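Asks:
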Amino acid sequence: MLIKRIFDIFFALIFIVIFSGIYLLIALIIYLDVGLPVIYNAKRVGKDKKTFTCYKFLTIKNINGTENITKSGHFLRNSNLDELPQFFNVLLGSMSVVGPRPHDLLEDQYFSKNIKGYDKRFSFKPGITGYAGIKGNRGGSDLDKITQRLKFDMFYINNYSFILDIKIVLITIYLTLTGKKST
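What follows is the structure, given as structure tokens:
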């Protein structure tokens, strides 16, 4: 797993440096849209079921007790640009570039109780991208969708290799550039 960590640090640093202008532009757009803060700190469950703060660009604003997606939030979510701050999570070691996607604390508790084998996904750090994501299993948190996503997560965990990580990263880049949802 040392090679995975070295790759994570190397990839995250290069990504952050190359796209630093985009980070600043997104932060400015959010600031002009809703003000500060521009980063949302989400509590998530990671490796070995340890909670961590997952960084995301702010896409929801609480107005009079109701959560509303911001004007800029629609675009950021649809393009997955709201996830870019997670490369800082990779540098900090709470996430990996590739791995099972992290879920909300309450969702994880529910899924752990209701889906057999769910907790095995905590043997790896959560990832920005993953095998389930490139297979079109993103979003949605009902039991059927999570059960399907878990099958892909288990394939990744049971067949992990550095080569598989590289393939997933390359496919993710391809899907992002072409606008396709899955392979």
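If you read the sequence shown in the numbering used here, its first letter stands for residue 15, the second for the next number, and so on. Glycine is no exception: its CB is placed at the ideal position from the N, C-alpha and C atoms. Keep in mind that this is a model prediction, so the values were computed, not measured.
(1) Tell me the residue span of the beta strand (DSSP E) that contains glutamate 81.
(2) Would you be able to state if there are at least three C-beta pairs under 8 Å between the segment 129 to 146 and the segment 59 to 66?
(3) Can you name, in chain order, every residue of its own chain whose Cβ lies under 7 Å from the Cβ of lysine 57, other than the five neighbours on each side?
(4) Would you call phenylalanine 101 buried or exposed, if buried means 16 or more other Cβ atoms sit within 10 Å of its Cβ?
(5) Using three-state DSSP, classify phenylalanine 21 as helix, strand or coil.
(6) Whose CA, out of Asp156, Val111 and Leu46, lies closest to the CA of tyrosine 145?
(7) What is the rounded straight-line gap between the Cα of isoleucine 160 and the Cα of tyrosine 174?
(8) Do asparagine 55 and tyrosine 37 have their beta-carbon atoms positioned less than 8 Å apart in this structure?
(9) Please report the straight-line C-alpha distance between glycine 150 and isoleucine 44, rounded to a whole angstrom.
(10) How should leucine 191 be labelled, buried or exposed, when 16 other C-beta atoms within 10 angstroms of its C-beta is the threshold for buried?
(11) Please name the residue or residues paired with alanine 56 in a DSSP beta bridge.
(12) Give every residue of the same chain whose Cβ lies closer than 6 Å to the Cβ of lysine 196, excluding the five residues on either side of it in the sequence, and list them in chain order.
Replies: Put simply:
(1) DSSP places glutamate 81 in the uninterrupted beta strand (DSSP E) bounded by 80 to 83.
(2) By the criterion of at least three beta-carbon pairs nearer than 8 Å, the segment 59 to 66 is in contact with the segment 129 to 146.
(3) For lysine 57, where only same-chain residues beyond five positions count, the Cβ hits under 7 Å are Thr65, Thr67 and Leu119.
(4) Of the residues assessed, phenylalanine 101 falls on the buried side of the cut-off, its CB having 16 or more other CB atoms within 10 angstroms.
(5) Helix at phenylalanine 21.
(6) Relative to the Cα of tyrosine 145, the nearest Cα in the group Asp156, Val111 and Leu46 belongs to Val111.
(7) In this structure, the straight-line span from the alpha carbon of isoleucine 160 to that of tyrosine 174 is close to 20 Å.
(8) No, the Cβ-Cβ distance between tyrosine 37 and asparagine 55 is not below 8 Å.
(9) Straight-line Cα distance between these residues: approximately 28 Å.
(10) Using a 10 angstroms sphere on the CB of leucine 191, the tally of other CB atoms stays under 16, which defines it as exposed.
(11) For alanine 56, DSSP records a beta bridge to Cys68.
(12) The residue you asked about is not lysine; residue 196 is serine in the sequence shown. Cβ neighbours of serine 196 beyond the five flanking positions: Lys149 and Gly150.
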